[in-house]
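If you want this note's numbering, it's the position in the sequence shown, counting the first as 1, plus 1395.
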Amino acid sequence: DIYVTVDHSMNCAFTDIPAQTTPTWYTDSNAISTTPSQVTIADGTFNTKSQTTSATLLAAKLGALYGAASSPVNVVAKCEMQFGTTNQKVSATTTLVLHKPVAELKTAGNLDSENVYVTSEHVLTCTITDVFADQTVTWYERTNSISPGGGLTIDQVPVPELPRSPN
């Protein structure tokens, strides 16, 4: 699982090859260009008939590959090298499963946020302090209040009444 908000690095190792070569990286059969600066590629060093190359897809590139989809997107990444006078192709592939956040959580007065992805359950906790009687907490998604159902559970744990301060 790869999140489109974080850069992703891949390595491709070739063994028993005759010489160092410059690889070509592809996503879904399209050659990856290092311009605009959304990808970095390192050829690696040839050492005793082997070479490891790497590519880093920056978050902007991952977002472009994801596009406007509303669910995870599978992208085939391929590293290919050509050798000899006949340009014999040798390649390796992997499938990247891209996820985009479905929400960004912030609490009032807090500048930090957290991205929420649909790959697993997400637990939100609200703790109210300095309360002298049971209170009801209402959760909102954007501007609409939400209720249990459709995979959503809301547990409200009553807190024993605290003694009041003598002031």
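C-beta: ideal position from N, C-alpha, C; glycine also.
Which of the three DSSP states, helix, strand or coil, is assigned to residue i?
i: residue 1457; result: helix
i: residue 1412; result: coil
i: residue 1564; result: Residue 1564 is absent from the structure shown; the chain starts at 1396 and stops at 1562.
i: residue 1422; result: strand
i: residue 1446; result: strand
i: residue 1463; result: coil
i: residue 1428; result: coil
i: residue 1451; result: strand
Which residues bound the beta strand (DSSP E) around residue i?
i: residue 1486; result: 1483-1494
i: residue 1471; result: 1468-1478
i: residue 1435; result: 1434-1437
Using the beta-carbon count (16 or more within 10 Å), is residue i buried or exposed?
i: residue 1450; result: buried
i: residue 1433; result: buried
i: residue 1399; result: buried
i: residue 1489; result: exposed
i: residue 1444; result: exposed
i: residue 1472; result: buried
i: residue 1495; result: buried
i: residue 1480; result: exposed
i: residue 1446; result: buried
i: residue 1484; result: exposed
i: residue 1410; result: exposed
i: residue 1417; result: exposed
Cβ contact check for the stretch 1437-1444 and the stretch 1458-1465: 3 or more pairs under 8 Å: no
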